[in-house]
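Reviewing the structure listed below.
Numbering (our numbering), first residue to last: 10 to 422.
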């Protein structure tokens, strides 16, 4: 099967979308034609004014954030998304680390003044349209995400173009006109994937802030907007609000979970809110991308805890501390063979390679910090992080693994 990468898909969707909405944020919408024109103008401005590879973007969940994402691909620039809520000092550290010539932002005042700050709309107005597209290769770094939070030294993870495959965003491909609720910040890898995959397939990306949203409000929003798909954090369902009397959103046909541990109770609430939706629990990381997904159809029973992440579509192994594979049912460290792994972590000292092991001559697997196990049928379960451990009588014990063991015990109900 031929894989289509983002630039190729975007060329088609921008040309075919015309006056249909591509992105909606708050009260503003942007058509595919407008996104095509504004991203071409911004690409022209970037080529004329930014000699370096990196462009830092302060993301604030606006339509112009998406313009910048598309423009960077057109211009051949490595986009470095950071959250608008990041302290100016940290943004400055990121800018210095990547030696960026510019910090793009959607509106004036969204971050404190930094040298090289440019408002996206000003650059669009000052740019000559460049409708060409950079010739990317699958292993080329197209994005750089900083994953170490708002404290400590910045640590960036390069994301190659070939890792962000729109067809792997959900279990079924987003169709032209599908309304997709993208709830994660665009400064997160999962957030950028949700929006870019949606637009690349001709869907409408609704940029939603659900940070203070209740399940009831989420269902109401999904119904009001007639959303077809949702990309959600599972933590949204862990409120004290009763969901028994909430009017379900029948338009939603798929809900995707990734990046947070998914509990059976989360899935039960999601089933109640979205009874017609397929529920997808995925596993992946910034180092190797999405590698596994459990798909639960509306007629399927909700699995018990621990909720599996399905059968991997890339090679995943569970190993012990000596990197020997362990038998099914035994918890160990997860290692992943990815076709497009990250180059490592960009830190102030330089590029730090990922920890890898050679699984066979010429093939290397990325060693993760996640712990999990396979059942006898090849279904993968992720139980926590290897650093989620405490020392008991001189032995390291995983708290997540203890919880899983208790949940699997016949006397625990």
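Built from N, CA and C at the ideal position, the CB exists for glycine as well.
Give me the Cα-Cα distance between residue 80 and residue 60, rounded to the nearest whole angstrom.
-> 15 Å
Cβ atoms of residue 72 and residue 34: under 9 Å apart, would you say?
-> yes
Considering only C-alpha positions, which residue in the set 279, 377, 388 is nearest to residue 257?
-> 279
My understanding is that residue 109 touches residue 89, with C-beta atoms under 8 Å, so please give their C-beta distance in whole angstroms.
-> 7 Å
CB-CB length for residue 52 against residue 84, believed under 8 Å | That pair is a contact at about 4 Å.
Using CA coordinates, which residue listed in 367, 321, 392 is at the minimum distance from residue 332?
-> Relative to residue 332, the option among 367, 321, 392 whose CA is nearest is 367.
Could you give the DSSP three-state label for residue 323: helix, strand or coil?
-> coil
Boundaries (first-last residue) of the beta strand (DSSP E) holding residue 373 | 372-383
Quick one: using the 10 Å Cβ neighbour count with 16 as the cut-off for buried, is residue 146 buried or exposed?
-> exposed
Roughly how many whole angstroms lie between the Cα atoms of residue 58 and residue 350?
-> 31 Å
Just tell me which of 107, 45, 76 has its CA closest to the CA of residue 63.
-> 107
Which whole-angstrom value is the C-beta distance of residue 291 and residue 322, which I expect to be below 8 Å?
-> With a Cβ gap of about 10 Å, residue 291 and residue 322 do not count as contacting.
Looking at the C-beta of residue 380, does it have a partner C-beta in chain C at a distance below 9 Å?
-> Structure shown: chain C not included; a single protein chain is present.
Sequence ranges, alpha helix (DSSP H) only - wholly within the region 64-147, length at least 4 | 72-84, 97-107, 129-135
Count the other C-beta atoms from every protein chain shown that fall within 10 angstroms of the C-beta of residue 11, then say buried if there are 16 or more, exposed otherwise.
-> Exposed, because fewer than 16 other Cβ atoms sit within 10 Å of the Cβ of residue 11.
Coil, strand or helix - residue 25 by DSSP = Here residue 25 carries a helix assignment [DSSP, helix/strand/coil].
Report yes if the CB atom of residue 242 is closer than 9 Å to the CB atom of residue 268, and no otherwise.
-> yes
At a cut of 8 Å, does the region 374-381 reach the region 341-359 through at least three beta carbon pairs?
-> yes
Hey, out of 260, 164, 135, 188, whose CA is closest to residue 211's CA?
-> 188
Across which residues does DSSP place residue 316 in a beta bridge pair?
-> Answer is none; residue 316 lacks a bridge partner.
Three-state secondary structure (DSSP) of residue 347 | coil
Inter-residue Cα distance where the pair is residue 320 and residue 305 | 13 Å
Straight-line CA distance for residue 218 to residue 336?
-> Using only the alpha carbons, I get a separation of about 43 Å.
CB contact flag (residue 74, residue 129, <9 Å) = yes
Residue 247 to residue 226, Cα distance in whole Å?
-> 14 Å
Unbroken stretches of the beta strand (DSSP E), 3 residues or longer, contained in the region 143-200 = Segments of the beta strand (DSSP E) lying fully in the region 143-200: 150-155, 165-169, 188-191.
Whole-angstrom C-beta distance between residue 286 and residue 263, which should lie under 8 Å | 6 Å
Beta-carbon contacts of residue 428 that lie in its chain and below 6 Å, excluding the five residues immediately before and after | Residue 428 is absent from the structure shown; the chain starts at 10 and stops at 422.
Closest by C-alpha distance to residue 199, when choosing among 178, 182, 396 | 178
Taking the alpha-carbon positions, what's the residue 105 to residue 214 distance?
-> C-alpha separation (whole angstroms): 32 Å.
Please list, in chain order, all residues of the same chain as residue 185 whose beta carbon is under 6 Å from its beta carbon, the five residues on each side excluded.
-> 211
Secondary structure at residue 58, three-state DSSP: helix, strand or coil?
-> Here residue 58 sits in helix by DSSP.
Pairwise C-alpha distance: residue 91 and residue 162 = Cα-Cα distance, rounded: 14 Å.
How about residue 389 and residue 318: are their beta carbons less than 9 Å apart?
-> yes
Using a Cβ-Cβ cut-off of 6 Å (strictly less than) and excluding sequence neighbours within five positions of residue 196, which residues of its own chain qualify?
-> 68, 90, 91, 92
Candidates 251, 233, 302, 301: which alpha carbon is nearest residue 281's?
-> Comparing C-alpha distances from residue 281 to each of 251, 233, 302, 301 shows the shortest one belongs to 251.
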